[in-house]
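S.K.: Structure in structure tokens, see below.
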Amino acid sequence: AQSVTQPDIHITVSEGASLELRCNYSYGATPYLFWYVQSPGQGLQLLLKYFSGDTLVQGIKGFEAEFKRSQSSFNLRKPSVHWSDAAEYFCAVGAPSGGSNYKLTFGKGTLLTVNP
Amino acid sequence: KAGVTQTPRYLIKTRGQQVTLSCSPISGHRSVSWYQQTPGQGLQFLFEYFSETQRNKGNFPGRFSGRQFSNSRSEMNVSTLELGDSALYLCASSPGAGGWFFGPGTRLTVL
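Going line by line, the protein sequences match chains A and B.
According to the numbering used here, the first sequence holds residues 2 to 117 in order.
According to the numbering used here, the second sequence holds residues 38 to 148 in order.
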């Protein structure tokens with residue numbers, strides 16, 4: 002069965018600083034990988050996804066992630082954090098569930114606090 | 038396009054009651070899935086539907102059930118509510134391999 006580990010429960014950075022959120026996955030085949038962001042009281046917004054091809058993936062809001070098969074990692078990065086990036090971030094792995102779709106298994110999330 | 042909509046947004050019930058939550062997917066999306074989010078367990082998969090057929094089910098008791106209608110709208114039902122069912126219930130829709138798009142969720146509180 003697939004699993005996702007986000008080692009950092011809470012990260013605090015200063016506005017303008019760079020950010021890296023860690024994600025490690027366990028899955029027997031080539032994974033579908035995702036990063037979602039959740040603001041308080043809101044649903045999940047898809048930041049970016051990796052299915053295949055280029056291992057560096059660009060997403061919305063200036064985020065990018067790099068798939069490293071040898072390390073089973075899919076870390077999320079942003080060169081300069083804005084106060085509006087404060088939220089909870091979830092990494093997820095997708096396992097096929099029939100047809101062209103897949104079931105998501107989420108990590109426990111990393112809460113990002115941004116200091117002014 | 039309008040996003041995934043869920044109704045109601047907030048719900049308060051008492052133990053032993055039952056509840057039905059509704060989800061309208063993005064237009065054209067035929068796949069719908071449901072997740073439960075709690076502080077202790079995080080995000081857990083409930084079930085997935087495609088063209089009115091349940092394709093996958095998570096590890097939840099039989100009190101949790103769902104269905105999908107011919108217009109792709111979906112409902113989930115929880116019978117005999119327990120305190121531990123208090124959670125944010127998220128619905129997501131997908132056009133296929135493009136990714137899952139989530140709604141704002143229904144916050145269920147069981148007293």
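Note that beta-carbon positions come from the ideal geometry of N, C-alpha and C, so glycine has one too.
Is the beta carbon of valine 69 (chain B) closer than 8 Å to that of cysteine 128 (chain B)?
M.R.: Against a cut-off of 8 Å, the Cβ pair of valine 69 (chain B) and cysteine 128 (chain B) comes out as a contact.
S.K.: Which chain B residues are close to glutamine 3 (chain A), counting only those with a beta carbon under 7 Å from its beta carbon?
M.R.: By Cβ distance, chain B contributes nothing, its closest Cβ being about 11 Å from glutamine 3 (chain A), past 7 Å.
S.K.: Whole angstroms are fine: how far does the CA of threonine 117 (chain B) sit from the CA of glutamine 46 (chain A)?
M.R.: The straight-line gap from Cα to Cα measures roughly 32 Å.
S.K.: So with CB distances below 7 Å, who are the chain A contacts of tryptophan 137 (chain B)?
M.R.: Those are Leu105, listed as they occur along chain A.
S.K.: Would you verify that the beta carbon of glutamine 43 (chain A) is, or is not, closer than 8 Å to some beta carbon of chain B?
M.R.: Answer yes: the Cβ-Cβ gap between glutamine 43 (chain A) and chain B drops below 8 Å somewhere.
S.K.: For the putative contact between leucine 148 (chain B) and threonine 51 (chain B), defined by C-beta atoms under 8 Å, what is the C-beta separation to the nearest angstrom?
M.R.: Sure, about 5 Å apart at Cβ, within 8 Å.
S.K.: CA-CA distance, proline 117 (chain A) and proline 41 (chain A)?
M.R.: Cα to Cα, the separation comes out at about 19 Å.
S.K.: Which whole-angstrom value describes the C-beta separation of valine 14 (chain A) and leucine 22 (chain A), a residue pair presumed to lie in contact below a C-beta threshold of 8 Å?
M.R.: 10 Å between Cβ atoms; not a contact.
S.K.: Would you mind stating whether aspartate 86 (chain A) and valine 115 (chain A) have Cβ atoms separated by less than 8 Å?
M.R.: Yes, the Cβ-Cβ distance between aspartate 86 (chain A) and valine 115 (chain A) is below 8 Å.
S.K.: Excluding five sequence neighbours on each side, which residues of the same chain lie with their C-beta closer than 8 Å to the C-beta of tyrosine 103 (chain B)?
M.R.: It should be pointed out that residue 103 (chain B) corresponds to glycine in this sequence rather than to tyrosine. Within the same chain, glycine 103 (chain B) has close Cβ partners Trp71, Leu83, Phe84, Tyr86, Gln91, Ser111, Glu112, Met113 and Asn114.
S.K.: If we require 3 or more residues per run, which beta strand (DSSP E) segments fall completely within the segment 47 to 109 of chain A?
M.R.: Those beta strand (DSSP E) runs which fall completely within the segment 47 to 109 of chain A and span 3+ residues are 57 to 59, 65 to 69, 74 to 79, 88 to 99 and 102 to 107.
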